[in-house]
Amino acid sequence: MARMKFLCDAERCIECNGCVTACKNEHEVPWGVNRRRVVTLDDGVPGEKSISVACMHCTDAPCAAVCPVDCFYTTPDGIVLHNKDLCIGCGYCFYACPFGAPQYPQQSAFGVRGKMDKCTFCAGGPDADGSAEEIKKYGRNRIAEGKLPLCAEMCATKALIAGDGDVVADIYRKRVLKRGGRPQTWGWETAYKG
Amino acid sequence: MKLTRKQDQQAGALAGSQIEGVIDRRTFLRRSGIALGGVAAASTLPLSMMQKATAKTAADANPKAETKTVRTICTHCSVGCGIIAEVQEGVWTGQEPAFDHPFNLGAHCSKGASVREHGHGERRLKYPMKLVDGKWQKISWDQAINEVGDKMLDIRKKYGPESVFMTGGSKHNNEQAYLMTKFMRMWGTNNQDHQARICHSTTVAGVASTWGYGAMTNSYNDMHNAKAMLFIGSNAAEAHPVAMQHILRGKENGGKMIVVDPRYTRTAAHADIYVRIRSGTDIPFIWGVLWHIFENKWEDKQYLAQRVYAMDDVRKEVKNYPPDVVQDLTGVPRDLMYKVAETLAKNRPGTLVWCMGGTQHHIGHANVRTYNCLQLALGNIGKSGGGANIFRGHDNVQGATDVGPNCHTLPGYYGLSPGAWKHWARVWGVDYEWLKKRFDPGPVPDAKGGTQSPMNASGIPVSRWVDGVLEAKENVGQRHPIRMVIFNGMAPNSQTRGPDQKKAMEMLEGLVIIDPYPTVSAVMHDRKDNVWLLPACTQFETYGSVTASNRSLQWRDRVIAPLFESKPDEEILYLLAKKLGFEKELCKNIKVENNNPNNEDVLREINHGTWTIGYTGQSPERLKLHQQNWGTFNTTSLIAEGGPAAGEYYGLPWPCWGTPGLKHPGTPVLYDPSKPVARGGLCFRARFGVEKDGVNLLAEGSYPVGSQIKDGYPEFTFGTLQKLGWDKELTAKEMAVINQIAKAEHDPVKDGISPTPGKVNWKTDLSGGIQRVAIKHGCAPFGNAKARAKVWEYPDPVPVHREPLYTPRYDLVKKYPTYEDRKVFYRLPTRYQSVQAKDYSKEFPLVLTSGRLVEFEGGGDETRSNPWLAELQQHMFVEINPADANTYKVRDGQMVWVEGPEGGKIKVKAMVTRRVAQGTVFSPFHFGGEFQGKSLRNKYPPGADPYVLGEAVNTATTYGYDAVTAMQESKTTLCRVRPA
Amino acid sequence: MRVALTTITALLLAMGFALMTGCTEGTEVTMYKPGVYKGPKDPLVDKQRDPKQQEALLARFNQIQTDR
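As structure tokens, then:
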């Protein structure tokens, strides 16, 4: 059984925000919600590195563990999805997530949270695959069509990779060997330990 | 405890409160904003206050409807990424990655990933508008065309056709750009120009004067083979992100990356060696590198002997730039210079990449020539993995430069001589005398103190149109200054001297903007009337060919029908031509359907006439075949190894010699003698004569593989063929055409009684026979010569350093002064010495430089109107070093005034960062819509203002124009910063 | 005597009402299982178990992540 993972190769990431925009494009994500964002460390000085961050689809997802209404579920290949109909917008998952993946669309002037929204690995939600309801609530379901997340498919330098963890690691290992340098599997220890 | 499912509770009980456990779908959709197909105008606006979109969106489309896939090319930068658009019921609902496409392999940057938003078009110009008493009024297309046409005819009657100036075209496809230049020439003026003037015009001049063609010599993909890559003035990570895919692959293949830039850019973050130079000191830097190369005898002697002229003159000049002088001028220490030189010398073939950082200076042409000399000395030109890789800007700036509106030449760089006009008159099927009568008779002064007809005089370039309006009548080299400007796809905030632009716009009698978005031209001025906005549609709503930076032509199919009331540019030009009375001449050989010229016919006409650069073999059929077979092309060499296009290079990179029937595969690497000409090989062009001062200018012992002339030779004429005995290989049809042209060109006074076909050459032969026969014998039609390290026509035959007009090192001005002022340069007086005469460095101590951001493009109205992109960069800013921030009491995030020495000033947010060195500040140029602290948002037509507005950095930039092409000096000027 | 009768009637009535409330009350009790997903089943979950689907995703991956 494959185990879906994201990996952002910090040696190739140029902070072009292609992944961010591809996600916005595919799922019509509203202003203010960034399912994916690029984080730059040491901006402007030698050693500058950028990494693209979204939901890591953790093995033992803290968001699922703390949800008071249990709206999260994990597919057999490790994609963590949630049900917006059950979500109460309490924000606990945001506190628990080490990557800041859960986002809340802005509401009225009183700043009240709405339904939690996060990266779905382009796998939609519990509604029927490819239905109009699923598209409106969660965005496109590319996995059901046999496609992979658009952010990784559209990465300008093929820095962001998404797919079965073994194959992803294989690609990355090949690159590291070619470069002869230290691996940079950022975030994997936190998300995939155990 | 008994629990009940929340859904059973009545929503009514919670109706009053904002918090709901389960909300119904309509409320949810209203909040997430998806159903309304748009997003909040600003993050502070409640989503419930949004307006309904007028365009259909993906969310409204039926997901089960049939999906049509359309292949097109991104409309942003010159990499030319392939796009697969999914269209359902006429609505653009999806964008899939084009994995097969050889340039991007499916990848996109943020701009490419956002193109589907063009199908929403929230903030586009929706219908023609006119400014009446300071307010925008909707008008019909008929009224718009009539009024614009009437105004043009009025100007023509009062002042002559030269007083109308049309600017634009780098985002037009080849067909539209070509029609634009044809339109203006038939109107009767050369006063038309496009973005290349302010972007790579110095490149084209510098490169063409060195070895014959002014374009990128290799390709982005070819960089996989580079062992060394020098980036000078290029921020590829932000300006050409997908090119970084190829650059990083080259790096992973072992290539060494050196980045030279006043700023530590995102590209520099990936570099092996980063060199910080003072802005404007490219020549000392390159000469400093060459100093080490010559010192250590690392130059390629055989290459220089066979293929380069006058490198010894460069050697002499380079002696004036030893390491200590270079360190004083540029700030680079000796060890680092040596390291750069050694890396380049020991890692060959190496490629040199430059962009605006090198070109946008008043010595830009000289900068470019130094880059060329460096590459020639290393023997890197004409090799795979080497070359002068110029990353061009907009998606079709290369195509527009090749066949579109240029003030100094007809399409194809034929120039403006009577011979060139006669050639194009033949191609266009119009009478040369009729064309001549359309122009003002003149005469006008020329640069050498004599006179010429306006038809043969370069027009006013777009960088100087402002002076064309503001300058006194007696100083302008045409009958009357400019009185009407048509911004046909060009924004003003990418040109310098904002306040002068505003004044010029207010002085005009008519201002027309043809664009999908209003652009800053609509709001920059305080005019009350006679401004027209005509909505053009984007490149996704029309079809045609586009030329990427590596000279490949790509075919675009139409994705969706024009949105709202916008029209394709070709239709707008045709309607205007109809109003002005020359639509028949405009489209003599072009089928017109419903006021829309057929773009395939236009491309065929381009094929029929552009022999100089080899735009002749790329017929619509061949390009479409390539489009359908993207995946068969090898991504390093760009050749199709099998499949329907076997043996051809993707996009048939020009020169693609001869007629489409010749099936030339295109030339992927220019000047590469390792392949026969018939398979894409080439040598340097023989453009400058056979000898100079007794020195042979033709190549010696270097020639493309398979050439039957095993030495240098001049360009081919029919006479040459006759001398070689090859003229017998011409077919009867080709001979008939040659004789016809000879007859048309025959001047009884100069040539004698009977016409001499011997003069018909490879550029004017409309049959393509001369080219065909030359190639058959393995020869390049344009000759085989040496590249020139010394260009004797230029103000500096061998480049020398000259300080920028506004320089922080005034002590150096005595030793490295700028040029003398000129009375007539592109029809206008141009100042150099008089600007540099005053020392501004005490009052304005900081160097102001500008550049690109990855999220935005060009003038920015298009990308800042895209919510997905606008969200990523919401504020205009100025980068300032912490040391300077402390000196001028500026805190991070504080609003500051950046003031330029010519009186322009901008109010922007300060970003304190070590990216820029002490003494330099940087600002992106994409913003517009605010002017000197005031927001112009309410001057935009309602619903067409971009989400993000900001000050245009070019409001604060200054006078300064390149000595050969009149490129603006926007990369290096002075400013001061103080808290607002 | 009368007092005794009213008290017994009152008691009987009270008992009657008490019993009736018991009748209308449902007897089933929902046990809350923490950490178990409470929503409807996602058809994607079954689809992902299909080896053909996994093969398709792997093929897609090889198409994208290639430095070809």
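Chains as they are written, first to last, in numbering that gives the first Met the number 0: chain P, 0 to 193; chain E, 0 to 979; chain V, 0 to 67.
Beta carbons: idealized from backbone N, C-alpha and C, even for Gly.
Bear in mind that the values here come from a model prediction, so they are computed numbers and not experimental data.
With respect to the C-alpha of residue 45(P), the residue from 104(E), 124(E), 269(E) having the closest C-alpha is 269(E).
Under the Cβ criterion of 8 Å, residue 35(P) is not counted among the residues facing chain E.
At least one CB atom of chain V sits nearer than 8 Å to the CB of residue 152(P). Comparing C-alpha distances from residue 756(E) to each of 719(E), 711(E), 791(E), 777(E) shows the shortest one belongs to 719(E). Identification of residues in the stretch 166 to 178 of chain E having a C-beta nearer than 9 Å to some C-beta of chain P yields an empty set. Secondary structure note for residue 500(E): its alpha helix (DSSP H) is the uninterrupted segment 497 to 506. For residue 256(E), the uninterrupted beta strand (DSSP E) run begins and ends at 255 to 259, by DSSP. Runs of alpha helix (DSSP H) with 4 or more residues, each lying fully within the stretch 679 to 736 of chain E, are found at 717 to 723, listed in chain order. By the Cβ test, the stretch 908 to 921 of chain E is in contact with the stretch 887 to 896 of chain E, since at least three Cβ pairs between them sit closer than 8 Å. Put simply, of 635(E), 446(E), 122(E), 457(E) the residue whose alpha carbon is nearest the alpha carbon of residue 252(E) is 635(E). A direct Cα-Cα distance of roughly 27 Å separates residue 35(V) from residue 144(P). Closest option to residue 230(E), judged by alpha-carbon separation, among 183(E), 370(E), 714(E): 370(E). Contact of residue 7(V) with chain E by beta-carbon distance below 7 Å is absent, the smallest such distance being about 34 Å.
Here the alpha carbons of residue 492(E) and residue 930(E) stand approximately 11 Å from one another. Taking C-beta atoms under 8 Å as the contact rule, residue 130(E) and residue 557(E) fail to qualify, at a distance of about 32 Å. Cβ proximity to chain E below 9 Å picks out 39, 41, 42, 43, 44, 45, 46, 47, 48, 49, 68 from the stretch 38 to 72 of chain P. Residue range 904 to 911 is occupied by the beta strand (DSSP E) that includes residue 911(E), with no alpha helix (DSSP H) assigned at that position. Judged by their CB atoms, residue 114(E) and residue 15(P) are not nearer to each other than the 8 Å cut-off.
Look at residue 920(E) here: in three-state DSSP terms it is strand. With fewer than 16 other beta carbons inside 10 angstroms of its own, residue 2(V) counts as exposed. Within the stretch 243 to 263 of chain E, contact with chain V at the beta-carbon level (separation under 7 Å) is assigned to 248. For residue 634(E), the nearest beta carbon of chain V is closer than 8 Å to its own beta carbon. Annotated three-state conformation of residue 36(P) is strand, per DSSP. Pairwise C-beta distances place the stretch 532 to 543 of chain E out of contact with the stretch 870 to 877 of chain E, as fewer than three of them are shorter than 8 Å. In the DSSP assignment, residue 357(E) falls outside any beta strand (DSSP E) and lies within the alpha helix (DSSP H) extending over 355 to 358. Look at residue 119(E) here: in three-state DSSP terms it is coil, with no helix or strand label. Taken atom to atom, the span from the alpha-carbon of residue 60(P) to that of residue 33(V) is near 14 Å.
Under the three-pair Cβ rule at 8 Å, the stretch 300 to 315 of chain E does not count as touching the stretch 325 to 333 of chain E. Burial state of residue 922(E) is buried, judged by a 10 Å Cβ sphere holding 16 or more other Cβ atoms. Taken through DSSP and simplified to helix, strand or coil, residue 522(E) comes out as coil. When C-beta distances to chain E are compared with 8 Å, the residues of the stretch 115 to 136 of chain P below that value are 116, 129, 130, 131, 132, 134, 135, 136, in chain order. Here the alpha carbons of residue 419(E) and residue 94(E) stand approximately 44 Å from one another.
In the three-state reduction of the DSSP assignment, residue 667(E) falls in the coil class, being assigned neither a helical nor a strand state. Rounded to whole angstroms, residue 8(V) and residue 81(P) show a C-alpha spacing of 57 Å. The DSSP-derived three-state label of residue 154(E) is helix. Here the alpha carbon of residue 564(E) sits roughly 8 Å from the alpha carbon of residue 127(E).
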